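Protein chains in written order, with this note's numbering: chain A, -18 to 94; chain B, 1092 to 1202.
Heads up, the thing below is written out as structure tokens.
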């Protein structure tokens, strides 16, 4: 079992470009979560998805950010027109159900220059 | 008030010491509770779930106090390798299903 796979591990974007972060959940897991962690800060919830459905996006900024988890393929977190404040580690996690603990991917470290 | 609060520490303890962390949560409807460990610049890893009856895994013991709305983690006989940040997480168990994390408590175990 390969665990939760995130790519890329590191991503550098210039201000105004788009960033696409990918996450493949653990085999058999249908619940996917995205969290953001700024340097020296805690994990902040962004969005919770199941296949083809956004269940809770209350933590996602209203503009420039979007997420999807299509029927086929990985979950995608998309950030349009990135700004320096978007620089952070973005972690994806998956679980077997809403009452279970998470397995995290190794994260994507986004740097906006 | 934050939904989940932890003492940030740092906790600096000698090898072999016993150390305890507390974590308080504000929503009495919370249903699932967890402790995670995060090493510097790495992903969090699930350490243990916390059950109402309390649970133990080797040197680690987790307890839940619903009346006072806190969970605790006790580490006995600390090892150098226990040095990390410990995160508590609380899940309301509603259809949202997401976990809210505390900001973490940093532990450094010294020789």
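Virtual Cβ for every residue (Gly too), placed ideally from N, Cα, C.
This one's a predicted model, so the numbers in the text were calculated from it and none came from an experiment.
Task: Residues, ordered as in the chain, of the segment 26 to 39 of chain A that lie near chain B by beta-carbon distance below 7 Å - done: 26, 29, 36, 37
Open item on the list: Please tell me whether residue 1202/B has its Cβ less than 8 Å away from any Cβ of chain A.
Closed with: no
TODO: Between the Cα of residue 1134/B and those of 94/A, 83/A, 92/A, spot the shortest distance and give me the residue it belongs to.
DONE: Ranking 94/A, 83/A, 92/A by Cα distance to residue 1134/B puts 83/A first.
Open item on the list: Do residue 67/A and residue 94/A have their beta-carbon atoms positioned less than 8 Å apart in this structure?
Closed with: No, the pair does not count as a contact, with Cβ atoms beyond the cut-off.
- [ ] Taking only beta-carbon positions, decide if residue 83/A is within less than 8 Å of chain B.
- [x] yes
Task: Distance between residue 25/A and residue 70/A (C-alpha atoms, nearest Å) - done: 11 Å
Task: Close beta carbons around residue 55/A, own chain, < 6 Å, minus the five adjacent residues each side - done: 3, 4, 5
Open item on the list: So residue 1045/B contacts chain A; which residues on that side make the cut at Cβ distance below 9 Å?
Closed with: Any property of residue 1045/B remains undetermined from this structure, which presents chain B solely from 1092 to 1202.
TODO: Would you decide whether residue 1193/B is buried or exposed? Buried here means 16 or more other CB atoms lie within 10 Å of its CB.
DONE: buried
TODO: Tell me where the beta strand (DSSP E) around residue 1096/B begins and ends.
DONE: 1095 to 1097
TODO: Just the chain B side, please: which residues come within less than 9 Å of residue 91/A by C-beta, in chain order?
DONE: Residues of chain B passing the Cβ test: none, with the nearest at roughly 14 Å.
Task: Where the beta strand (DSSP E) through residue 89/A begins and ends - done: 89 to 93
Open item on the list: Given a cut-off of 8 Å on the beta-carbon distance, is the pair residue 1158/B and residue 1130/B in contact?
Closed with: no
Open item on the list: Just checking: is the beta-carbon of residue 1134/B within a distance shorter than 8 Å of some beta-carbon in chain A?
Closed with: yes
TODO: Keeping to the same chain, check which residues put their C-beta closer than 7 Å to that of residue 1200/B; ignore five residues upstream and five downstream.
DONE: 1104, 1106, 1169, 1170, 1171, 1173, 1174
Task: Exposure of residue -7/A, with buried meaning 16 or more beta-carbon neighbours within 10 Å - done: exposed
Task: Same chain, Cβ closer than 8 Å to residue 1099/B, five either side skipped, listed in chain order - done: 1194, 1195, 1196, 1197
TODO: Report buried or exposed for residue 64/A, applying the criterion of at least 16 other Cβ atoms within 10 angstroms of its Cβ.
DONE: Residue 64/A comes out exposed.
Task: N- and C-terminal bounds of the beta strand (DSSP E) containing residue 1200/B - done: 1196 to 1201
- [ ] Using a cut-off of 9 Å between C-beta atoms, extract the partners of residue 1170/B located in chain A.
- [x] None at all; the shortest Cβ gap to chain A is about 23 Å.
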